[in-house]
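Novice:
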Amino acid sequence: MLHVDPDPVALATRQALLARYDIPVRTASDGFGVFGMDAPPEPGTVVLSQRLGRFHLEAVAEYARHRWPWARILVLGSLEPTLEEQLYDETLPGSCNNLEFLRAIERSTRLRNFQHRR
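Here the numbering used here is used: position 94 in the sequence shown is 641, and no number is missing along the way.
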């Protein structure tokens, strides 16, 4: 999984949560952090925070969609201004609790595995 969020507290909190459930995660604080990664393995899920701002959100979503076509892209927060629908698979409220977040990751994993087999 790849999680991109400019808020270091949010990144650390989500990373600790995912570690408790043995879900490996790579993190980046912006688009440049993602683009500069040394050949990361294909993430099953890419979680992007709307706090990235329109430029980084759109750039990372496009990059992820083209580099890892099987990855599911989740956006945390409201999409204002709106991101093109083909650039993400699901949105979650930025204020979602840990259980909602984990359920979205699980749902994303199931859908990705189903689509990848087809």
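Quick reminder that beta carbons are idealized off the backbone N, C-alpha and C, glycines included.
(1) Which stretch, first to last residue, makes up the alpha helix (DSSP H) that contains R601?
(2) Quick one, which of D554, F648, M548 has its alpha-carbon nearest G600's?
(3) On the criterion of 16 or more Cβ atoms from any shown chain inside 10 Å, does G583 qualify as buried, or is it exposed?
(4) At which residues does the beta strand (DSSP E) containing A575 begin and terminate?
(5) With which residues is L639 paired in a DSSP beta bridge?
(6) In this structure, how does DSSP classify L646 when only helix, strand and coil are distinguished?
(7) Taking 7 Å as the threshold (C-beta atoms), are L634 and A651 in contact?
Specialist: Reading from the atomic positions:
(1) 600–614
(2) D554
(3) exposed
(4) 573–575
(5) L623
(6) helix
(7) no
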